[in-house]
Amino acid sequence: MIAFVLAAAGVAVHALALARFAAEYGQLPLNGLAPSLSTVALIVGLGLVATLGLGEGRRVGIVLVPVVILLQAVAVSLGIEPSQELLDFQGAWFAFHVTLAFAGLGGLAVAFASGLLYLVQLHELNTKRMGRLFQFTPPLATLDRLGRIGLVAGFITFTLSLVLAWVWTINFGQASDLWNAKVFWSVMSWFVFVAALGVRAGGGVKERRSALVSVVGFSFIVFSYLGLRLVSSQGGFFL
């Protein structure tokens with residue numbers, strides 16, 4: 002209960018800070034590297050609060066909390082300031098598109114946390130060490146269920162985000178270049194969701210495969226995004 006209250010309070014303070022940012026600068030914290038990372042941290046924080054109400058599932062917080070802290074620390078170190086980048090599209094389309102994309106990444110973050118603990122606990126079982134971490138982590142079935150929920154929710158919202166962007170390009174006669182950095186990254190990220198869900202269709206230990214793809218996929222998305230941001234000279238990157 003104490004953990005839930007503290008997490009909820011932290012998320013509330015974070016949300017108020019971003020609301021103040023929007024009111025002061027007249028710009029939603031959805032564009033530019035630092036503001037967008039801070040917003041992703043908020044959404045992952047909301048996922049953390051949600052998991053804290055799930056009984057044994059709340060223990061995935063030992064992974065989600067460091068993720069939130071790291072995202073926010075990077076955002077603060079970069080400086081959370083209004084972006085001067087030119088956007089490809091703006092207004093409600095942009096806000097809804099990016100919010101859905103962030104929600105998708107939040108779902109994948111929950112799958113990442115669950116998958117990481119799943120792999121750790123499975124290793125403990127296989128080596129028969131069963132130390133303190135094994136006693137603390139939820140059962141494998143609980144972790145697999147949380148990971149599946151995170152993947153499905155994330156896949157749906159991220160797909161809707163891409164559909165919204167595609168509809169915008171059709172309605173406003175814009176060309177969609179697959180090799181554009183933001184488009185390429187978005188499509189790669191979508192295939193990570195497809196891969197993590199697709200490995201569940203095969204035989205064998207599909208739960209382990211899904212956990213592994215979730216962990217590797219989330220890490221790949223984060224580092225590839227940062228890499229593309231560093232090397233891309235194009236304006237209007239959607240995050």
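Counting in this note's numbering, the sequence shown runs from 2 upward without gaps.
For every residue, glycine included, the Cβ atom is placed at its ideal position computed from N, Cα and C.
query: Does the segment 112-130 come close enough to the segment 179-191 to have 3 or more Cβ pairs within less than 8 Å?; result: no
query: Which residues in the same chain have their Cβ closer than 7 Å to the Cβ of W186, if we skip the five residues on either side of it in sequence?; result: S225, Y226, L229
query: Counting pairs of Cβ atoms below 8 Å between the segment 66-83 and the segment 137-154, do you hit three or more?; result: no
query: On the DSSP letters alone, give me the boundaries of the alpha helix (DSSP H) that L29 sits inside.; result: Element bounds for L29: n/a, residue is neither H nor E.
query: On the three-state DSSP scale, how would you describe V206?; result: coil
query: Note the first and the last residue of the continuous alpha helix (DSSP H) segment covering G151.; result: 141-172
query: Since I believe L147 is in contact with T52 (beta carbons under 8 Å), could you give me their beta-carbon distance rounded to a whole number of angstroms?; result: 7 Å
query: Taking all protein chains shown into account, decide if R21 is buried (16 or more other Cβ within 10 angstroms of its Cβ) or exposed.; result: exposed
query: Reducing DSSP to helix, strand and coil, say where N181 ends up.; result: coil
query: Find the nearest neighbour of V195 within the set W167, V50, L165, G105, judged by alpha-carbon distance.; result: G105
query: Rounded to whole angstroms, what is the Cα-Cα separation between S220 and F113?; result: 8 Å
query: With a 10 Å radius around its C-beta and 16 neighbouring C-beta atoms as the bar for buried, classify Y119 as buried or exposed.; result: buried
query: Measure the Cβ-Cβ separation of G107 and V45 and say whether it is below 8 Å.; result: yes
query: Determine the burial state of P41: buried for a count of at least 16 other Cβ atoms within 10 Å of its Cβ, exposed for fewer.; result: Note that residue 41 is Val in the sequence shown, not Pro. By the neighbour-count rule (16 or more Cβ atoms within 10 Å), V41 is buried.
query: Below 8 Å on the Cβ atoms is my contact criterion, and I expect H98 with S162 to pass it. Report the Cβ-Cβ distance as a whole number of Å.; result: 5 Å
query: Are the CB atoms of A4 and G62 nearer to each other than 8 Å?; result: yes
query: Within 10 angstroms of the Cβ of P67, are there 16 or more other Cβ atoms? Answer buried if so, exposed if not.; result: exposed
query: What's the C-alpha gap between G54 and G218?; result: 26 Å
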